[in-house]
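Protein sequences appear in the order of chains G and R.
Counting from 1, one number per residue, gives the positions in the first sequence under the UniProt record's numbering.
Counting from 1, one number per residue, gives the positions in the second sequence under the UniProt record's numbering.
One structure is given here, and the rest of the page talks about it.
There are 2 protein chains.
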Amino acid sequence: MPRASVREVIVETAVQEIHKYGYAACSVDTITKAAGVPKGSFYNHFKSKEDLGAEVVRRYATESEWHRSTPGLSPVEQLRARFTTMADLLAGNDFTRGCLIGNMAAERADHSDIIRTQVAISLGTWSDSIVQAIKEAQAAGEVGADLDADRLGRFVLNAWEGTLLRVKADKNTQPLDDFFTVVFDTILR
Amino acid sequence: MPRASVREVIVETAVQEIHKYGYAACSVDTITKAAGVPKGSFYNHFKSKEDLGAEVVRRYATESEWHRSTPGLSPVEQLRARFTTMADLLAGNDFTRGCLIGNMAAERADHSDIIRTQVAISLGTWSDSIVQAIKEAQAAGEVGADLDADRLGRFVLNAWEGTLLRVKADKNTQPLDDFFTVVFDTILR
Chain G
1 MPRASVREVI
11 VETAVQEIHK
21 YGYAACSVDT
31 ITKAAGVPKG
41 SFYNHFKSKE
51 DLGAEVVRRY
61 ATESEWHRST
71 PGLSPVEQLR
81 ARFTTMADLL
91 AGNDFTRGCL
101 IGNMAAERAD
111 HSDIIRTQVA
121 ISLGTWSDSI
131 VQAIKEAQAA
141 GEVGADLDAD
151 RLGRFVLNAW
161 EGTLLRVKAD
171 KNTQPLDDFF
181 TVVFDTILR
Chain R
1 MPRASVREVI
11 VETAVQEIHK
21 YGYAACSVDT
31 ITKAAGVPKG
41 SFYNHFKSKE
51 DLGAEVVRRY
61 ATESEWHRST
71 PGLSPVEQLR
81 ARFTTMADLL
91 AGNDFTRGCL
101 IGNMAAERAD
111 HSDIIRTQVA
121 ISLGTWSDSI
131 VQAIKEAQAA
141 GEVGADLDAD
151 RLGRFVLNAW
161 EGTLLRVKAD
171 KNTQPLDDFF
181 TVVFDTILR
């Protein structure tokens, strides 16, 4: 059986490389070189670059800062804190990279069914957690009970992904300011 | 001086090819082959693939169905009709392709300053036209005068771009339904 640690270093390196350069710009060669493992070891762990691509999406979604929670915050404050953490990460990278899942949706969803499926699952998991937060906020009386939490949760995630695209294009905080103000002052009230 | 029609057929072909396959998957070779022009003629018209990429973004934004207007509609109905036209185009392509400008933001904004600049200009022009529509709707009493039209116009375009990413991933109309309901029933009221 192949050593788990070689697979692990390939996945962790590929998350960084694909996030930074995009899927097409990375090859099995550049990824194994960056990971410091023999190119030949790659196929002990992955059937193809596409197979690794799907695993990269899964790993990025699972390890995202999204899941961190801050004790003592109300449901809406918790939601805002999670988006703030992600916005700070983006600003710390000079507004580059954006969301790896959104980038993969744009670049690969039409061309790889296993990557597309993993992107859809990851976005679904994220929007489910926003739906959950909105339902908790409704139960706590922070958000109007008349709003459709399922629909809003999906919409807010999609708006966030579009916001990150605009940040990549504009290289400033304006799209983030727009997102926070419209979502937290106009929509979730 | 090179014939304008060769340049034109290269640009029109490149818009189609890059929209369908993505920027990285297209080369000067594949584009000139698809255009039916000699590869050597390319460099009479463009300095590089990147130079063509920027022109493709500009052309796509300029020729988008976005600019079509339907007589007799109120400002909000006009806005809704424009998004509906674009949603229908997307559904007609089996939910593939998405927005070429959003795809280029995801794939190239960090790696080509001339493409990034053209993406930012195109998104700015589109969101300005949404801002304008919201201001007209406010003047007509269709949308509350207390809303910040500039901020909302930018946000709505970003939400739309994220919606198109989600459509590419999910391959169904749910993200579009969410966009129309939240934007027209919750935000613009």
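All C-beta atoms in this analysis are idealised placements derived from N, C-alpha and C, irrespective of residue type, glycine included.
Note that the structure is predicted; figures quoted are calculated from it, not measured.
Query, Result
"Chain R contact for residue 191 (chain G) (CB, 8 Å cutoff)", "Here chain G has residues from 1 to 189 only, and residue 191 (chain G) is not among them."
"V183 (chain G) and A149 (chain G) closer than 8 Å at C-beta", "no"
"Simplified DSSP state of P75 (chain G), which is helix, strand or coil", "helix"
"Residues within the region 168 to 188 of chain R neighbouring chain G, beta-carbon criterion of under 9 Å", "K168, A169, D170, K171, Q174, P175, D177, D178, F179, T181, V182, V183, T186, I187"
"Reference V56 (chain R); option with closest CA among R:G102, R:L90, R:A140", "R:G102"
"Interface flag, E50 (chain G) vs chain R, CB-CB below 8 Å", "no"
"DSSP three-state assignment for T173 (chain G), whether helix, strand or coil", "coil"
"Contact residues within the region 83 to 107 of chain R, judged by C-beta distance below 8 Å to chain G", "T96, R97, G98, G102, N103, A105, A106, E107"
"Validate contact between the region 151 to 165 of chain R and the region 152 to 166 of chain G using beta carbons, cut 8 Å, 3 pairs", "yes"
"Partners in chain R for N158 (chain G), counting only beta-carbon separations shorter than 8 Å", "A159, G162, T163, L165, R166, P175, D178, F179"
"Expected contact under 8 Å - CB spacing of Y21 (chain G) and R108 (chain G) to nearest Å", "In fact, because the Cβ distance is near 14 Å, the residues do not count as touching under 8 Å."
"Where K168 (chain R) sits in the DSSP three-state scheme", "helix"
"For S69 (chain G), the three-state DSSP class (helix, strand or coil)", "coil"
"Three CB pairs or more closer than 8 Å across the region 125 to 137 of chain R and the region 58 to 74 of chain G", "no"
"Outcome for K168 (chain G) when other beta-carbon atoms lying within 10 angstroms are tallied against a minimum of 16", "buried"
"Proximal residues, the UniProt domain \"HTH tetR-type\" (4 to 64) of chain R versus chain G, C-beta separation under 9 Å", "K20, Y21, G22, Y23, A24, A25"
"Any chain G beta carbon closer than 8 Å to M128 (chain R)", "According to the sequence as given, residue 128 (chain R) is Asp; it is not Met. Taking Cβ atoms only, chain G never reaches closer than 8 Å to D128 (chain R), which makes this a no."
"Nonlocal neighbours in the same chain, by C-beta distance under 8 Å from D178 (chain G), ignoring five residues either side", "T163"
"The region 7 to 17 of chain R in contact with the region 30 to 41 of chain R per 3-pair CB rule at 8 Å", "yes"
"Where F42 (chain G) sits in the DSSP three-state scheme", "helix"
"D29 (chain G) in three-state terms, based on DSSP", "helix"
"Closer than 8 Å to chain R by CB, L79 (chain G)", "no"
"CB contact below 8 Å: V76 (chain G) versus chain R", "no"
"Residue-level contact to chain R via CB, D146 (chain G), 8 Å cutoff", "no"
"Residue burial classification, Y60 (chain R) (beta-carbon count within 10 angstroms, cutoff 16)", "buried"
"Close-in-space but distant-in-sequence residues of the same chain around D29 (chain R) (CB under 7 Å, 5 per side omitted)", "K39"
"Test item: CB-CB of V76 (chain R) and L152 (chain R) under 8 Å", "no"
"Chain-ordered chain R contacts of V119 (chain G) [CB-CB under 8 Å]", "A169"
"Short Cβ contact (8 Å threshold) for R166 (chain R) with P175 (chain G)", "no"
"Beta-carbon neighbours of A109 (chain R), restricted to chain G and to distances below 7 Å", "K168, A169"
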